[in-house]
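Chains as they are written, first to last, in the working numbering: chain S, 1 to 112; chain X, 1 to 115.
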Amino acid sequence: EAQVTQNPRYLITVTGKKLTVTCSQNMNHEYMSWYRQDPGLGLRQIYYSMNVEVTDKGDVPEGYKVSRKEKRNFPLILESPSPNQTSLYFCASGREGRETQYFGPGTRLLVL
Amino acid sequence: AQKVTQAQTEISVVEKEDVTLDCVYETRDTTYYLFWYKQPPSGELVFLIRRNSFDEQNEISGRYSWNFQKSTSSFNFTITASQVVDSAVYFCALTPDSNDYKLSFGAGTTVTVRA
């Protein structure tokens, strides 16, 4: 089944404790991206990747890191999480940037 | 920079009523792509439609229809004869056809369909 998977789905952590949210797609898509969803703000792009080893900042990159060492994986790293990073995070992939992006199930993060 | 505005925060209708969701966008690019996504209460994001800026034909898919008007920078979405299963948050989004394929979303419109 063609899909985007994210792990974990739910995470509660404390301020400053590094964490990684994994994202993987099995559709051989070149384009991958991360979004956060907050009430009243819709989805905002954090980082995106046009292909392996190519990443760029979205609209809200502060406090996040990404890497794209393999085509299928695009992990999101929070090196020192803060409470304002409490949010619902989505990973997405698409054949290329102009094509439809398909979303993972979301990861709900709570930073205490 | 581009911007997508969904002015309607919440819409409540009774089943079988039609509901239209407004989407207005801003972009400097001449070529761009518009999308609608649905987010049901279960939380996943479901793709509904993609439209490029050169195709202004309206589209109908079952009870869903889309009206793209470049002159007013709008890409409105209508659900005809709404059903309870249509209750969801609907997002409009835009990406330019440029080196920078940032996808910008509107804030979303919550549709509640009452039986």
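Note that the Cβ used here is the ideal one computed from N, Cα and C, for glycine as well. Keep in mind that this is a model prediction, so the values were computed, not measured.
So is residue i in contact with chain S if we call contact Cβ pairs under 8 angstroms?
i, result
"residue 101 of chain X", "yes"
"residue 26 of chain X", "no"
"residue 105 of chain X", "yes"
"residue 47 of chain X", "yes"
"residue 33 of chain X", "yes"
"residue 15 of chain X", "no"
"residue 91 of chain X", "yes"
"residue 10 of chain X", "no"
"residue 59 of chain X", "no"
"residue 63 of chain X", "no"
"residue 80 of chain X", "no"
"residue 153 of chain X", "What the structure shows of chain X is the stretch from 1 to 115, and residue 153 of chain X is not part of that stretch, so it cannot be assessed."
"residue 56 of chain X", "no"
"residue 50 of chain X", "yes"
With a threshold of 16 other CB atoms inside 10 Å of the CB of residue i, please say whether the residue is buried or exposed.
i, result
"residue 3 of chain S", "exposed"
"residue 107 of chain S", "buried"
"residue 60 of chain X", "exposed"
"residue 41 of chain X", "exposed"
"residue 90 of chain S", "buried"
"residue 54 of chain X", "exposed"
"residue 83 of chain S", "exposed"
"residue 1 of chain X", "exposed"
"residue 81 of chain S", "buried"
"residue 58 of chain S", "buried"
"residue 69 of chain X", "exposed"
Considering residue i, what are the terminal residues of the beta strand (DSSP E) in which it resides?
i, result
"residue 38 of chain S", "31-38"
"residue 28 of chain X", "First-last for residue 28 of chain X: undefined, no H or E at that position."
"residue 8 of chain X", "First-last for residue 8 of chain X: undefined, no H or E at that position."
"residue 6 of chain S", "4-7"
"residue 107 of chain S", "107-111"
"residue 111 of chain X", "109-114"
"residue 101 of chain X", "Note, residue 101 of chain X: premise wrong, no beta strand (DSSP E); not H, not E."
"residue 13 of chain S", "10-13"
"residue 20 of chain X", "19-21"
How about residue i: is its C-beta nearer than 8 angstroms to some C-beta of chain X?
i, result
"residue 100 of chain S", "yes"
"residue 43 of chain S", "yes"
"residue 33 of chain S", "yes"
"residue 64 of chain S", "no"
"residue 74 of chain S", "no"
"residue 105 of chain S", "yes"
"residue 47 of chain S", "no"
"residue 58 of chain S", "yes"
Ordered along the chain, which non-local residues of its own chain (more than five positions away) have a Cβ less than 7 angstroms from that of residue i?
i, result
"residue 101 of chain X", "95"
"residue 113 of chain X", "13, 15, 82, 83, 84, 86, 87"
"residue 97 of chain S", "31, 50"
"residue 79 of chain S", "18, 65"
If I measure Cβ to Cβ from residue i and keep anything under 8 angstroms in the same chain, skipping five residues before and after, which residues do I get?
i, result
"residue 56 of chain S", "47, 48, 49, 50"
"residue 50 of chain X", "33, 34, 35"
"residue 9 of chain S", "105, 106, 107, 108"
"residue 23 of chain X", "4, 5, 6, 34, 36, 74, 75, 76, 77, 92, 106"
Skipping 5 residues on each side, what residues in its chain have a beta carbon closer than 6 angstroms to that of residue i?
i, result
"residue 31 of chain X", "53, 97"
"residue 43 of chain S", "35, 37"
Problem - Unbroken stretches of the beta strand (DSSP E), 3 residues or longer, contained in the region 45-90 of chain X - result: The region 45-90 of chain X contains these whole beta strand (DSSP E) runs: 46-52, 59-61, 64-69, 74-79.
Practice task
Identify every run of the beta strand (DSSP E) within the region 23-87 of chain S, keeping only runs that are complete inside it and at least 3 residues long; order them along the chain.
Solution key: Every unbroken stretch of the beta strand (DSSP E) spanning 3 or more residues and falling wholly within the region 23-87 of chain S is given here in chain order: 31-38, 42-51, 54-57, 76-78.
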